[in-house]
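Since the structure comes first, as structure tokens, the remarks are kept for the end.
Protein chains: 2
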Amino acid sequence: MPLHFVLTATCNSKYPKGSNFYNMVLTHTEENYLKAIFKISEEDGNETATTNAISAEMNTAAASVTDMLRRLSDKKLINYEKYKGVTLTKEGKSVATALIRKHRLWEFFLVEKLHFDWDEIHDIAEQLEHVNSPELVTRLNDYLGNPRFDPHGDPIPDENGNMPVREQVSLLRLKPGEVGKLTGLRNNSDQLMKYLKKNSIGIGTKITILEHHEFDESLSVKIDDKQEMGLSNKVSKNLLVQTE
Amino acid sequence: MPLHFVLTATCNSKYPKGSNFYNMVLTHTEENYLKAIFKISEEDGNETATTNAISAEMNTAAASVTDMLRRLSDKKLINYEKYKGVTLTKEGKSVATALIRKHRLWEFFLVEKLHFDWDEIHDIAEQLEHVNSPELVTRLNDYLGNPRFDPHGDPIPDENGNMPVREQVSLLRLKPGEVGKLTGLRNNSDQLMKYLKKNSIGIGTKITILEHHEFDESLSVKIDDKQEMGLSNKVSKNLLVQTE
DNA sequence: ATTTATTTTTAGATTAATCTAAAAATATAT
DNA sequence: ATATATTTTTAGATTAATCTAAAAATAAAT
Numbered sequence: 001m002p003l004h005f006v007l008t009a010t011c012n013s014k015y016p017k018g019s020n021f022y023n024m025v026l027t028h029t030e031e032n033y034l035k036a037i038f039k040i041s042e043e044d045g046n047e048t049a050t051t052n053a054i055s056a057e058m059n060t061a062a063a064s065v066t067d068m069l070r071r072l073s074d075k076k077l078i079n080y081e082k083y084k085g086v087t088l089t090k091e092g093k094s095v096a097t098a099l100i101r102k103h104r105l106w107e108f109f110l111v112e113k114l115h116f117d118w119d120e121i122h123d124i125a126e127q128l129e130h131v132n133s134p135e136l137v138t139r140l141n142d143y144l145g146n147p148r149f150d151p152h153g154d155p156i157p158d159e160n161g162n163m164p165v166r167e168q169v170s171l172l173r174l175k176p177g178e179v180g181k182l183t184g185l186r187n188n189s190d191q192l193m194k195y196l197k198k199n200s201i202g203i204g205t206k207i208t209i210l211e212h213h214e215f216d217e218s219l220s221v222k223i224d225d226k227q228e229m230g231l232s233n234k235v236s237k238n239l240l241v242q243t244e
Numbered sequence: 245m246p247l248h249f250v251l252t253a254t255c256n257s258k259y260p261k262g263s264n265f266y267n268m269v270l271t272h273t274e275e276n277y278l279k280a281i282f283k284i285s286e287e288d289g290n291e292t293a294t295t296n297a298i299s300a301e302m303n304t305a306a307a308s309v310t311d312m313l314r315r316l317s318d319k320k321l322i323n324y325e326k327y328k329g330v331t332l333t334k335e336g337k338s339v340a341t342a343l344i345r346k347h348r349l350w351e352f353f354l355v356e357k358l359h360f361d362w363d364e365i366h367d368i369a370e371q372l373e374h375v376n377s378p379e380l381v382t383r384l385n386d387y388l389g390n391p392r393f394d395p396h397g398d399p400i401p402d403e404n405g406n407m408p409v410r411e412q413v414s415l416l417r418l419k420p421g422e423v424g425k426l427t428g429l430r431n432n433s434d435q436l437m438k439y440l441k442k443n444s445i446g447i448g449t450k451i452t453i454l455e456h457h458e459f460d461e462s463l464s465v466k467i468d469d470k471q472e473m474g475l476s477n478k479v480s481k482n483l484l485v486q487t488e
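Taken in sequence, the protein lines are chains F and X.
Following this note's numbering, the numbering of the first sequence begins with 1 at its first residue and continues without gaps.
Following this note's numbering, the numbering of the second sequence begins with 245 at its first residue and continues without gaps.
Spelled out as structure tokens, the structure:
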């Protein structure tokens with residue numbers, strides 16, 4: 001079924017009869033661009049998302065991005081000026097957070113109910129997030145018990161797009177003797193998730209810092225009071241933990 | 245994400261590297277055409293599906309159907325000869341039944357787990373059925389307890405595409421005094437489902453025949469040993485029941 | 001402050017999916 | 001059996017999403 005606007009004979013509007021920003025029907029592609037722009041805008045101090053950054057994130061040619069930016073701008077989902085990069089409008093941001101909400105709720109479902117491993121779920125959630133039914137999201141959320149964090153430890157936005165915040169710190173920041181409980185990853189790379197799985201490290205795992213090695217900035221740690229192991233700087237930088 | 249073939253530089257095949265008929269990636273549209281052809285072929289004694297029948301089922305112009313038939317034929321999913329109508333190949337049939345399997349499993353999920361009413365789920369399942377992940381289907385099926393019939397009473401094909409058969413009979417066939425348990429509808433029209441819901445008739449409802457009225461071929465029935473009511477010929481013809 | 005490099009946009013094509021209108025093939029009816 | 005009606009296909013356009021290659025704008029460097 002094509003997911004684009006239905007244009008009527010009498011009305012040349014871009015929106016179907018009775019539509020508004022909150023029930024606008026977008027193509028999967030448009031949705032994916034909005035998510036990419038949202039993600040880039042969140043990264044460190046990126047004020048605006050540049051064409052090239054979007055093109056890298058989406059794996060498309062820069063020229064294709066320019067085309068799409070014009071379309072999204074026409075639909076008032078982004079603020080766009082030639083050569084200046086883009087920001088999301090209020091409406092664009094609300095579409096993006098709704099998508100992230102759906103993605104993370106489905107990830108939670110896949111792990112909690114269908115017992116997938118957390119490194120197998122991304123691609124499936126990527127498809128499920130485009131299913132368009134507000135009622136479905138509401139019921140799924142209730143069914144799952146209104147979860148606040150997904151299986152990667154990422155916050156699930158609420159119905160209004162507000163992200164719950166959790167005090168997370170990179171494992172690298174802890175001092176020898178301190179203990180952290182893994183609550184998330186800074187980046188959800190497949191390689192990292194495979195590596196962690198192999199070492200039976202997952203969300204909730206208790207990690208005790210044994211030693212900092214100055215030479216390569218790596219760590220020696222103890223996992224769940226069981227095995228001791230070394231963690232490279234790159235790995236430990238990407239592990240987000242909660243202390244207490 | 246576009247759901248079409250990935251063509252490689254070295255290979256001009258229509259299928260991605262290492263693909264076969266069982267993991268061929270089709271567009272949503274191609275999938276919907278296959279479903280439509282399957283449905284038409286199942287209807288009474290339709291040997292082949294005609295262009296016009298498909299165009300009616302899909303709500304598209306006949307010319308668009310002709311285009312698509314050529315594409316599906318190129319992919320060996322249908323047997324097509326100009327002006328002769330089409331049949332599904334073994335591969336086409338297997339794609340179609342896999343879609344129906346997913347559709348009905350998701351409908352079961354929506355009703356059993358998320359407590360949707362059975363007249364609200366079709367459009368959502370229509371979207372969910374296109375999510376492509378064999379592992380997801382397997383796990384969903386296990387999670388739901390390997391159900392054999394969906395909430396409309398329609399059979400759910402198994403992993404091999406085999407439909408469970410159930411002895412179903414039109415309510416109209418029962419004689420006064422006989423009792424049937426509603427197991428399905430002959431056609432899943434919204435209007436019929438609304439009507440049944442309003443009269444608290446659903447899958448599993450016990451219906452006792454009180455009287456046949458010759459004049460308009462309508463029935464007087466008793467619902468779940470509670471209220472008595474009349475059912476028009478059109479309604480009772482569409483109610484499929486199991487007797488014993 | 002020019003030159004060089006990078007980024008972004010335009011221009012022109014392609015593919016999938018759709019349409020309308022007209023032509024060709026098949027089926028029906030007198 | 002010929003004329004009429006219906007069905008199906010072709011022809012030609014359109015829109016969304018993509019591409020490559022070239023031009024234009026902006027940023028960086030000497």
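For each residue, glycine too, the CB sits at the ideal point set by N, CA and C.
Worksheet item: From what residue to what residue does the alpha helix (DSSP H) around residue 381(X) run?
Response: 378-387
Worksheet item: Mind pulling the chain F residues with CB within less than 7 Å of residue 372(X)?
Response: 131
Worksheet entry | Supposed close pair residue 119(F), residue 39(F) - CB separation, criterion 8 Å | 20 Å between Cβ atoms; not a contact.
Worksheet item: Which two residues bound the contiguous alpha helix (DSSP H) that contains residue 97(F)?
Response: Counting along the chain, the alpha helix (DSSP H) containing residue 97(F) begins and ends at 90-112.
Worksheet item: Of the residues that make up the stretch 352-372 of chain X, which ones have a beta carbon closer than 8 Å to any beta carbon in chain F?
Response: 354, 357, 358, 359, 360, 364, 367, 368, 370, 371 and 372
Worksheet item: Do residue 60(F) and residue 85(F) have their C-beta atoms within less than 7 Å of each other?
Response: No, they are not a contact pair.
Discussion item. According to DSSP, residue 453(X) sits in a beta bridge with which residue or residues?
Written reply: DSSP links residue 453(X) through a beta bridge to 465(X).
Practice prompt. Find out if the Cβ-Cβ distance for the pair residue 451(X), residue 428(X) is shorter than 7 Å.
Written response: No, they are not a contact pair.
Item to complete: Decide if residue 336(X) is buried, meaning its Cβ has at least 16 other Cβ atoms within 10 Å, or exposed.
Response: buried
Practice prompt. From the DSSP output, read off the bridge partner residues of residue 170(F).
Written response: 240(F)
Practice prompt. Go ahead and label residue 213(F) buried or exposed: buried means 16 or more other beta carbons lie within 10 angstroms of its beta carbon, across all protein chains shown.
Written response: exposed
Worksheet item: Mind checking residue 236(F): buried by the 16 CB within 10 Å criterion, or exposed?
Response: buried
Fill in: Min CB distance residue 71(F) to chain X below 7 Å
Interface residue (Cβ-Cβ distance to chain X less than 7 Å): residue 71(F) is not classified as such.
Worksheet item: DSSP on residue 215(F), reduced to helix/strand/coil?
Response: If DSSP states are grouped into helix, strand and coil, residue 215(F) belongs with coil.
Worksheet item: Thinking just about the alpha-carbon of each residue, which of 127(F), 233(F), 224(F) and 162(F) is nearest to the one in residue 170(F)?
Response: 233(F)
Worksheet item: Short check: CB of residue 141(F) to CB of residue 105(F), under 7 Å?
Response: Result yes, Cβ atoms of residue 141(F) and residue 105(F) sit closer than 7 Å.
Worksheet item: Hey, quick one: how far does the beta strand (DSSP E) through residue 79(F) stretch, first residue to last?
Response: 78-80
Discussion item. With a threshold of 7 Å between beta-carbons, can residue 387(X) be considered close to chain F, or not?
Written reply: Yes, because at least one Cβ of chain F sits closer than 7 Å to the Cβ of residue 387(X).
Fill in: Integer Cβ distance of residue 298(X) from residue 136(F), believed to fall under 8 Å
29 Å between Cβ atoms; not a contact.
Item to complete: Would you tell me roughly how many angstroms separate the C-alpha atoms of residue 347(X) and residue 400(X), rounded to the nearest one?
Response: Between the C-alpha atoms of residue 347(X) and residue 400(X) there is a straight-line separation of about 9 Å.
Fill in: Neighbour-count burial assignment, residue 204(F), 16 or more Cβ in a 10 Å radius
exposed
Worksheet item: Is it buried or exposed for residue 177(F), if we count other Cβ within 10 angstroms and need 16 for buried?
Response: exposed
Worksheet item: Which whole-angstrom value is the C-beta distance of residue 231(F) and residue 375(X), which I expect to be below 8 Å?
Response: Rounded, the Cβ-Cβ distance is 36 Å, inconsistent with contact.
Item to complete: Locate the beta strand (DSSP E) running through residue 275(F), then write down its first and last residues.
Response: Chain F is shown only over 1 to 244; residue 275(F) falls outside these bounds and no answer can be derived.
Discussion item. Applying the 10 Å Cβ sphere with the 16-neighbour rule, what's the burial state of residue 35(F)?
Written reply: buried
Fill in: Inter-residue Cα distance where the pair is residue 378(X) and residue 357(X)
Taking the straight line from one Cα to the other gives about 21 Å.
Discussion item. If you follow the alpha helix (DSSP H) that residue 228(F) is in, where does it begin and where does it stop?
Written reply: Following the DSSP letters along the chain, one finds residue 228(F) in no alpha helix (DSSP H) but inside the beta strand (DSSP E) bounded by residues 228-231.
Worksheet item: Does the Cβ-Cβ distance between residue 426(X) and residue 465(X) come in under 7 Å?
Response: no
Worksheet entry | Extent of the continuous alpha helix (DSSP H) to which residue 319(X) belongs | Counting along the chain, residue 319(X) falls outside any alpha helix (DSSP H), and DSSP gives it neither H nor E.
Discussion item. By the three-class DSSP mapping on this structure, what secondary structure does residue 48(F) have?
Written reply: coil
Worksheet item: Where does residue 27(F) sit, in a helix, a strand or coil, going by DSSP?
Response: coil
Worksheet item: Apart from the five residues just before and just after residue 52(F), which ones in its own chain have a Cβ nearer than 7 Å to its Cβ?
Response: The residues are 62.
Worksheet item: Which one or two residues does DSSP pair with residue 393(X) in a beta bridge?
Response: 399(X)
Worksheet item: Mind checking residue 138(F): buried by the 16 CB within 10 Å criterion, or exposed?
Response: exposed
Worksheet item: When DSSP labels each residue in this structure, what does residue 66(F) get in the three-state scheme?
Response: Looking at residue 66(F) - three-state DSSP - the assignment turns out to be helix.
Worksheet item: Do residue 317(X) and residue 324(X) have their C-beta atoms closer together than 7 Å?
Response: yes
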